[in-house]
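Heads up: take any position in the sequence shown, counting from 1, add 523, and you land on the numbering used here.
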Amino acid sequence: MKIKRYFAPDIRQAIRMVREEQGPDAVILSNRKVDGGVEIVAARDFDEQMLLDRAKAEPRGEPAAAAPEPVATPETDSRRRAEDAFREALGKSAAISRADAAGTDLRRPVSQRAEHGGQGSPAPAKPVSTARREHSAAPIAPVPELVKPSADAEALKEMQRELRQMRRMIDLHLSEAGWQAAASRHPTRLDLLRRLSALGFSRKLSLELTERLGGVDDADVAWQACQHALARQIPLAEDSLLDYGGVVALVGPTGVGKTTTIAKLAARFRLKHGPRQIALITTDNYRIGALEQLGTYGRILDVPVRAASSVEDLRQLLSSFYDKRLVLIDTAGVGQRDRRLAEQAELFSRSEIPVKSYLVMSAASQLRVMQEAVEAFRAFSPEACIVTKLDETGQLGAALSTVAENRLPVAFVCDGQQVPEDLHVARTHLLLNRCFADRSGAAAVGSPMPSYEDWIVHANV
């Protein structure tokens, strides 16, 4: 067994040094912060049972009279603390106090440790005087406890923090071994995971797509099969809004482009059916200038624009627009945890005229943000979604993962600010071409897989 200390500016470089010098089977025993970085104690061929068996096999006789007390050095003390902490992290030993862990010498025979009650000081080498023997024969008061808990709360917290870090590093070490084993068994699958991760796809969807490939070994064939499987996972909405109209409310978080998207839909419908068939309503009573912004679009398109602040206002406006083929409702952009979200949902649920909801999501948002938006706006029961700002992201994988995992049909996509040129009916080939042939996406396909540390940290996103 080889135990060695490593110093590095951060934990990742230290782990890399251990891996390069001692190999992937090395075991990290302890780590702590030092001046200028971190210190890691690692071992190769570490076998705790071998140490215990060797200790049990040593003779149990009394120590020789001339045998000196083993001198504690920083190296041996560090090694003892690392081995004791490693046992505790694996749950193979009882809780050991810092004082007891520092005082126990693994090189001492087990019998001697038992005789001294784990106090760490061997029997004196000199003969004991008569007075000493008489004194030791006197009755000894019972000891209330063998090991007193440390009074230093900060030291205890530091030890707990080190143990948590050690557990995380052990999990990290095992995860790396799992990736290496997966690469040796399924190199093609690992290559696909690398590509999908670089394009921003969620881990869940990436695993589902690669597990369906079976025993395909050719990388190009597997990549094509993965794209075909993804195409079947993306749901699309029926193309009926621009043809037949209806009463539709656009809902979604702040800043995703709901008002601009309403202007694009209204302009596209006006080109096909004329301005007399459209009306616009806003329920955004919170944002300053919301009515003025929608009113500007209304004047340009020559369509009426009204505001509704209550259920009664909405009922009256919808009744007055009964002759309109398309009524678009702009809603307030609220956060996923805003109480006004429930108020908006109640406004439409109590309407006598059915209102369809479309969820608007920005493709430039993070995967976690889009997933939270889908969960928060389930109260509106959206029939489809509109993905905006495709021109502001180089990774469409997060948006496609969100709609695929939630089975949320995509109705339209927007890739710019021009009205109405930058509004497009969603098509599977359009989404896949934009995802895989994008400038950033094309570069990302050939980029290396993120380090296993980053993959593990972001794996549950």
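Glycine residues also receive a C-beta, built at the ideal position from the N, C-alpha and C atoms.
As the structure is a computational prediction, the values presented were derived from the model and not from experiment.
{"query": "Is the beta carbon of Leu788 less than 8 Å from the beta carbon of Leu851?", "result": "yes"}
{"query": "In terms of residues, what are the limits of the beta strand (DSSP E) holding Ser843?", "result": "Unbroken run through Ser843 is the alpha helix (DSSP H), 834-843; no beta strand (DSSP E)."}
{"query": "With a threshold of 16 other CB atoms inside 10 Å of the CB of Arg873, please say whether the residue is buried or exposed.", "result": "exposed"}
{"query": "I need the straight-line Cα distance from Ala822 to Arg848, nearest angstrom please.", "result": "It should be pointed out that residue 822 corresponds to Arg in this sequence rather than to Ala. Approximately 19 Å, taken between the alpha carbons."}
{"query": "Once you ignore the five residues that flank Arg829 on each side, which residues in its own chain have a CB closer than 7 Å to its CB?", "result": "Ile804, Leu840"}
{"query": "Are the CB atoms of Thr711 and Ala742 within a distance shorter than 8 Å?", "result": "yes"}
{"query": "Would you mind working out which of Arg691, Phe959, Asp853, Ile563 sits nearest Val770, comparing C-alpha positions?", "result": "Asp853"}
{"query": "Look up Asp853 in the DSSP assignment and give the residues it is bridged to.", "result": "Leu773, Thr805"}
{"query": "Where DSSP assigns a beta bridge to Tyr820, which residues make up the other side?", "result": "None; Tyr820 has no bridge partner."}
{"query": "Taking the straight line between their C-alpha atoms, what separation do you get for Thr784 and Arg726?", "result": "30 Å"}
{"query": "Hey, Cys908 and Val926 are a contact pair by Cβ (cut 8 Å); roughly how many whole angstroms apart?", "result": "6 Å"}
{"query": "Pull up the CB-CB distance for Ala772 and Phe871, whole angstroms please, since I reckon it's below 8 Å.", "result": "6 Å"}
{"query": "Is the stretch 791-798 touching the stretch 893-907 in the sense that three or more CB pairs, one from each, lie closer than 8 Å?", "result": "no"}
{"query": "Which residues bound the alpha helix (DSSP H) around Thr911?", "result": "First-last for Thr911: 907-911, but that is the beta strand (DSSP E), not the alpha helix (DSSP H)."}
{"query": "Let's see if you can read the secondary structure: which residues bound the alpha helix (DSSP H) around Glu928?", "result": "920-929"}
{"query": "Can you give me the Cβ contacts of Ala754 inside the same chain, cut-off strictly under 7 Å, excluding the 5 residues immediately before and after it?", "result": "Thr951, Leu955"}
{"query": "For the alpha helix (DSSP H) holding Ser729, just list the boundary residues, first then last.", "result": "726-734"}
{"query": "Work out the CA separation of Glu815 and Leu824 for me, nearest whole Å.", "result": "14 Å"}
{"query": "What residues are listed by DSSP as bridge partners for Phe530?", "result": "Glu562"}
{"query": "Below 7 Å CB to CB, which residues in the same chain sit around Ala531 once its five sequence neighbours on both sides are set aside?", "result": "Ala537, Met540, Gly560, Val561"}
{"query": "Mark Arg957 as exposed unless 16 or more other C-beta atoms lie within 10 angstroms of its C-beta, in which case mark it buried.", "result": "buried"}
{"query": "How long is the line joining the alpha carbons of Glu875 and Ser833, rounded to whole angstroms?", "result": "13 Å"}
{"query": "Find the nearest neighbour of Asn554 within the set Arg528, Phe844, Arg542, judged by alpha-carbon distance.", "result": "Arg528"}
{"query": "Thinking Ala760 and Pro932 are a contact (beta carbons under 8 Å), I'd like their distance in whole angstroms, please.", "result": "4 Å"}
{"query": "With distances taken from CA atoms, which of Glu928, Gln941, Arg567, Lys879 is nearest Glu895?", "result": "Glu928"}
{"query": "Would the C-beta of Leu764 count as close to the ligand HEM, meaning under 7 Å from any of its heavy atoms?", "result": "No copy of the ligand HEM appears in this structure; indeed no ligand is present at all."}
{"query": "Can you grab the Cα-Cα spacing for the pair Tyr767 / Leu919, in whole Å?", "result": "30 Å"}
{"query": "Less than 8 Å between the beta carbons of Ser885 and Leu728, yes or no?", "result": "no"}
{"query": "Relative to the C-alpha of Met689, which candidate in Ile563, Phe844, Leu730, Glu915 has its C-alpha closest?", "result": "Ile563"}
{"query": "Between Arg691, Asp558, Val883, which has its C-alpha nearest Val550's C-alpha?", "result": "Arg691"}
{"query": "Do you know how far the Cα of Leu552 is from the Cα of Lys680?", "result": "18 Å"}
{"query": "Is DSSP giving Ile757 helix, strand or coil here?", "result": "coil"}
{"query": "Straight-line CA distance for Gly546 to Leu713?", "result": "22 Å"}
{"query": "What does the alpha-carbon distance come out to for the pair Pro758 and Gln867?", "result": "26 Å"}
{"query": "With distances taken from CA atoms, which of Arg838, Ala748, Gly939, Leu716 is nearest Thr911?", "result": "Gly939"}
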